[in-house]
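In our numbering, the protein residues as written are 2 to 141.
For reference, the structure discussed in these notes is given below.
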């Protein structure tokens with residue numbers, strides 16, 4: 002995937018990790034095969050995609066990695082394997098953000114305000130948007 006993009010477009014600017022499948026099985030109905038399938042698609046794909054993308058992003062001086070989770074991770078919506086996988090995405094993103102850091106790119110909090118004021122942010126409600134280059138991820 003990364004090779005195809007860099008060949009076609011000369012580099013990679015963004016990785017949007019949004020692969021996911023849902024399981025509608027409850028705890029006692031979730032077998033090991035079902036669990037492994039959900040974890041492979043919803044969580045392992047984030048690891049493999051990110052590992053493949055980071056060198057290509059670094060070659061062009063940085064870029065964005067976006068990993069999509071779900072309210073199921075925070076609220077327990079959905080079923081057992083799906084909610085666990087989406088919670089795993091959150092657990093994956095934080096240490097990766099610390100390891101990769103802002104990569105020398107300086108942020109401007111004004112762009113966060115522009116986004117929040119836009120129609121595209123109409124579903125963003127009641128959240129804190131941290132624009133700090135990862136400082137709060139590494140500070141106890």
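Heads up, the beta-carbon is just placed ideally off N, CA and C, and yes, glycines get one too.
- Residue 111 sits away from residue 130, with the two beta carbons spaced by 7 Å or more.
- Shown here for residue 2: not one same chain residue has a beta carbon closer than 6 Å to its own, the five before and five after excluded.
- The region 82-98 makes contact with the region 29-44: 3 or more CB pairs, one atom from each, lie closer than 8 Å.
- Only residues of its own chain outside the window of five on either side were considered, and among them 16 and 18 have a CB closer than 7 Å to the CB of residue 50, listed in chain order.
- By the beta-carbon neighbour count (other beta carbons within 10 angstroms, threshold 16), residue 29 is exposed.
- With contacts defined as CB atoms closer than 7 Å, residue 55 and residue 70 fail to qualify as a contacting pair.
- Only residues of its own chain outside the window of five on either side were considered, and among them 43 have a CB closer than 6 Å to the CB of residue 21, listed in chain order.
- Assignment of beta-bridge partners to residue 65 by DSSP yields 15.
- In this structure, DSSP gives residue 126 a state outside helix and strand, which the three-state scheme calls coil.
- The closest CA to that of residue 67, considering only 59, 74, 98 and 60, is found on 98.
- Between residue 95 and residue 138, the C-beta spacing is below 7 Å.
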